[in-house]
Amino acid sequence: MGSCMSAGEGSRVVNVAPTAKVIGLSGDLRETAAACFLCSSDKLYCNDNIPAVDPEEPLQLGQIYFVLPLEKLREALSQGDMAALAVKAISALAAAAEADGRRRKIRVVAPPEGGWGRRMNRRR
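Heads up, the sequence shown is in this note's numbering, so the first residue is 667 and it goes up one at a time.
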């Protein structure tokens with residue numbers, strides 16, 4: 667008696683959405699089904715549009731980048747969005763430091779009253 671498989675009543679066809687696959691330098695794989703873009707944390711300012719990193723621009727060591735959904739491209743960044751990104755960055759950096767066994771302190775700095783960035787006092 668041999669083993670066999672049947673495609674009878676119990677089998678289902680599962681349609682899987684195509685994903686973009688990003689493989690990090692450490693070999694980790696991240697998949698996303700949504701259209702997305704890369705932005706630099708240094709280019710984010712409250713109430714300004716979120717710019718994408720130029721595809722020809724090399725990534726800078728020590729810089730923090732975010733992968734955001736395409737619908738956020740050229741959208742004004744609210745203070746709430748900025749705070750949410752800061753929380754995500756702090757959590758990710760803390761988790762990475764703990765995974766590396768480096769348990770270093772990560773300082774959390776509150777935004778100034780008018781917001782972050784060189785443009786915070788600009789009138790619109």
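Using N, Cα and C, we set each Cβ at its ideal position, and we do this for glycine too.
The structure presented is a predicted model; accordingly, all values stated were derived computationally and were not measured.
A distance of 7 Å or more separates the beta carbons of L734 and C712.
For A686, the closest C-alpha among the options C702, S692, A762 and D694 is that of C702. The beta carbon of K709 sits closer than 7 Å to the beta carbons of P717 from its chain, once the five residues preceding and following it are set aside; these are given in chain order.
For R740, same chain residues with a beta-carbon under 8 Å away, outside a window of 5 residues either side, are N715, I716 and P717 in chain order.
Note that the C-beta distance between I730 and S707 is below 7 Å. Secondary structure of S706 (DSSP, three-state): strand.
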